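Protein chains in written order, with the working numbering: chain A, -3 to 349; chain B, 267 to 595. C-beta atoms are modelled at their ideal positions from N, C-alpha and C, and glycine is treated no differently. In this text, all values refer to a predicted model and were calculated from it rather than measured experimentally. Presented below is the structure to which this report refers.
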Amino acid sequence: MSTGSTSGATGPFLDVRDLRVEFPTEDGLVRAVDGVSFTVKRGQTLAIVGESGSGKSVCSMAIMGLHNRKSANISGQVILEGEDLIATSDEGVRALRGQKMAMIFQDPLSSLHPFYTVGKQLMEAIRVHQPVSKDEARKQTVAMLDRVGIPNPDRRVDDYPHQLSGGMRQRVMIAMALINSPTLLIADEPTTALDVTVQAQILELLKDLQRDFNTAIIMITHDLGVVADMADEVVVMYGGRLVEHGPVNDIFHRPEMPYTLGLLASMPRLDKGRAARLDPIPGLPPSLIRLPKGCVFRPRCTYHDNVPDGRCDTERPDLLTTAPGHEVRCHMPPELRRTIAAERLGARFEETA
Amino acid sequence: MSGYIVRRIISMVLMLLLLTLVVFLLFSVLPTDPARLTCGKACTPEVIAANRHNLGLDLPLLQQYWEFLKGLVVGRTYGSGTQTYSCDAPCLGYSFKRGEEVSVLIKQGFPATFWLATGAFVLWIGVGVSVGIYAALRRGRWQDKTVMGISLIGYSLPSFFIGLVLLYFVVLKWELLPYPSYVSPFENPLQFLQTMILPWIVLAILYAAFYMRLTRNQMLDTLGEDYIRTARSKGLPERTVVRKHGLRAGLTPIVTAAGLDLAGLLGGAIITESIFSLPGIGSLAVNSVVDADLPLIVGITLVTATFIIVANLIVDLLYAVIDPRVRLV
């Protein structure tokens, strides 16, 4: 793991504290993100992992200020280099978007405007933040397209998105996000819609660019392979809450929260052969309107009998530190959690030793 | 692209041919005898027979149709001997009822219809689209609900009702405007405007109500697209997001609808023209049906259908200009 090079700055580069995002709906209040806290350093990658509906995308949209504040209640703090974005005006956050922080999305075809050439869309991103001429913006655009590995960038710049392949489109998205050298990049499942071979290229490109620009990356994904490849730290989200948080090695080799165990166990493994059945997590994600009273994961947890007095049904577990930098939200005693993890993920433990 | 246009024009001509055939056959089975209609009460069977022959109505049906098509392309001559009348191409037929060529009658009716349609078009596109955008940007709030309520009312009111109510109050009761009497705008602009303003409003209410809904829904769909989120994440001001990214994509389908609606109206707005006694193609169509003026009915049907078919082609070509993903092959 690299140690972030926060040049001169005190404290972390991005500090998210007790972030809550709620949507009032006719059926009730949807608590999409419920008290999430984490930090990211420059040059480092934080992965946010969880199922669909776990709040990971909502969380990242909140950091970018992309929720409509009239339809979403947002509270907590998102401190980017000392400035609390939640307390900043819409206009203030807008000026930071695309400049200091940028985002790339899952489906590059639907994320690019079909009626404008990629060049126009990139130049627009430059000119909204920098007072440069069209010619200069075009020059920067071609250079950036070249940088993200698009062949013949001086011709491709005039192509429409539908004329490019999926991988090329995602490269365009990355170019557009990084064109103003932002220090924070949020990547929302950037490889999910791509072929596996292209996925690897895109991840390599991101790592490469991260080194160049010393960017902090928040990688939202449900692909643990991507996490292993990219992340320094991992946040596991479930039902809108952070349930486990730690360095990538801890999460992969010493997970403690039963949900994280389930995620790891449901990964197919080549070394076990086809005879080994996948081990899915039983049940469905919870409704964010009527969350279970006790532990949010309780209805799907197979280990709740280990906790006396049915506390899993009545009491929300707190997020407690179990090792340096490793936090877990579970009622089971830490020793028991480690034993269970060791049994369930035996093979993986041997690798680390 | 040019290959595409040629193919489209060929299929357009085929479609029109089919249309003439259908219209022709439809009216040939009518119980009315067009030859009987050519002379008044004191008609002898001899005169009727002579007229029938002069009009070519004694020919077999297929040959009549052929003569009609020939007239469209090269013109035709009615009658024989000293009593002949030549009708130049494109000859849509000769209305004995009105003693005039059908194409001349339609040409006379066209200006009133043209001004009615284009004036109403400008009004309803201006109002409908801008109000629709406004409603979309205030989705779910009281402004949106009010606009949608008004649009529903406007859409539900029949044009003859709105037309008669306006005529009664504005012209007859309050005497704010003189009684409508159509003149060319180049002859008397003031009287033209005074005559046209109510018909414009009547037509525009109906269409604007529809276009408000259409625009609102299109804009809402578009503003929910991923590329709008991308535009916001680039840090573009909301105004640019809506105008440059939202409108461009959201208004494209509206171009299609608008083109076809305008073409349809150029074929005559029957009810509105009748209420305000505008001498347009719509009034002409109503009168031709009342008089069973067969050649005129066929002619108007053909002209109206041509407008729509041509508009269809124009809209399709325009679409390729607007949307780079559309390739005309």
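Which whole-angstrom value is the C-beta distance of residue i and residue j, which I expect to be below 8 Å?
i, j, result
"A:V324", "A:E240", "5 Å"
"B:Y270", "B:L579", "That pair is no contact at about 10 Å."
"B:A402", "B:L489", "7 Å"
"B:V569", "B:G525", "About 17 Å; that fails the 8 Å criterion."
"B:S425", "B:P377", "The Cβ separation is near 21 Å, so there is no contact."
"B:K500", "A:V124", "6 Å"
"B:S417", "B:A475", "4 Å"
"A:R38", "A:A212", "5 Å"
"B:G429", "B:G546", "Not confirmed; about 14 Å, so no contact."
"A:S53", "A:M233", "10 Å between Cβ atoms; not a contact."
"B:Y331", "B:P561", "13 Å between Cβ atoms; not a contact."
"A:D154", "A:T113", "5 Å"
For residue i, count neighbouring Cβ atoms within 10 angstroms of its own Cβ and tell me buried if that reaches 16, exposed if not.
i, result
"A:T348", "Only weak support exists for where A:T348 lies, its pLDDT of 44 falling under 50; the value from the coordinates is given anyway. The residue is exposed, with fewer than 16 neighbouring Cβ atoms inside 10 Å."
"B:L432", "buried"
"A:D184", "buried"
"B:Y351", "exposed"
"B:D324", "exposed"
"B:V587", "exposed"
"B:Y493", "buried"
"A:A28", "buried"
"B:I275", "exposed"
"A:Q95", "buried"
Looking at chain B, is there any beta carbon in it that lies within less than 8 Å of the beta carbon of residue i?
i, result
"A:D350", "Lying before the first or after the last residue shown, residue 350 of chain A is absent from chain A, which here runs from -3 to 349."
"A:V124", "yes"
"A:L62", "yes"
"A:S177", "no"
"A:P110", "yes"
"A:S48", "no"
"A:M253", "no"
"A:Q136", "no"
"A:E347", "Only weak support is given to the placement of A:E347: the predicted model assigns it a pLDDT of 47, under 50, and the value that follows is read from those uncertain coordinates. So, not an interface residue."
"A:Q95", "yes"
"A:R90", "yes"
"A:A98", "yes"
"A:D154", "no"
"A:S33", "no"
"A:D103", "yes"
"A:S3", "Residue confidence is low: A:S3 scores 44 on pLDDT, short of 50, so the model does not pin down where it sits. Its coordinate-derived value is still stated next. False, the Cβ-Cβ gap to chain B never drops below 8 Å."
"A:F9", "no"
"A:M172", "yes"
"A:S106", "yes"
"A:H158", "yes"
"A:E120", "yes"
For a cutoff of 8 Å on Cβ pairs, would you count residue i as touching chain A?
i, result
"B:T496", "yes"
"B:A401", "no"
"B:S268", "no"
"B:G501", "yes"
"B:D487", "no"
"B:A515", "yes"
"B:R591", "yes"
"B:Y493", "yes"
"B:L583", "no"
What does DSSP give as the partner residues of residue i in its beta bridges?
i, result
"A:G180", "In the sequence under discussion, the amino acid at residue 180 of chain A is Leu, which differs from the Gly named in the question. In DSSP, A:L180 forms a bridge with A:M97 and A:A212."
"B:C353", "B:R342"
"A:Q126", "BP columns for A:Q126 are empty, so no partner."
"A:H18", "Correcting the residue type first, residue 18 of chain A is Glu in the shown sequence and not His. According to DSSP, A:E18 bridges with A:R27 and A:N69."
"A:F34", "A:V12"
"A:P243", "A:E229"
"B:S447", "Note: B:S447 sits in no beta bridge, so no partner."
Cβ atoms of residue j and residue i: under 8 Å apart, would you say?
i, j, result
"B:T481", "B:D589", "no"
"B:L212", "B:A386", "Coverage of chain B is limited to positions 267 through 595, which leaves residue 212 of chain B absent and any answer about it impossible."
"A:D219", "A:T41", "no"
"B:M478", "B:V413", "yes"
"B:Y473", "B:G394", "yes"
"A:T35", "A:L15", "no"
"A:S107", "A:M169", "yes"
"A:Q206", "A:L190", "no"
"A:A43", "A:I100", "no"
"A:L180", "A:L76", "yes"
"A:P74", "A:V12", "The residue you asked about is not Pro; residue 74 of chain A is Val in the sequence shown. Yes."
"A:Q136", "A:I182", "no"
"A:G242", "A:H322", "yes"
"A:C297", "A:P313", "no"
"A:C308", "A:G279", "no"
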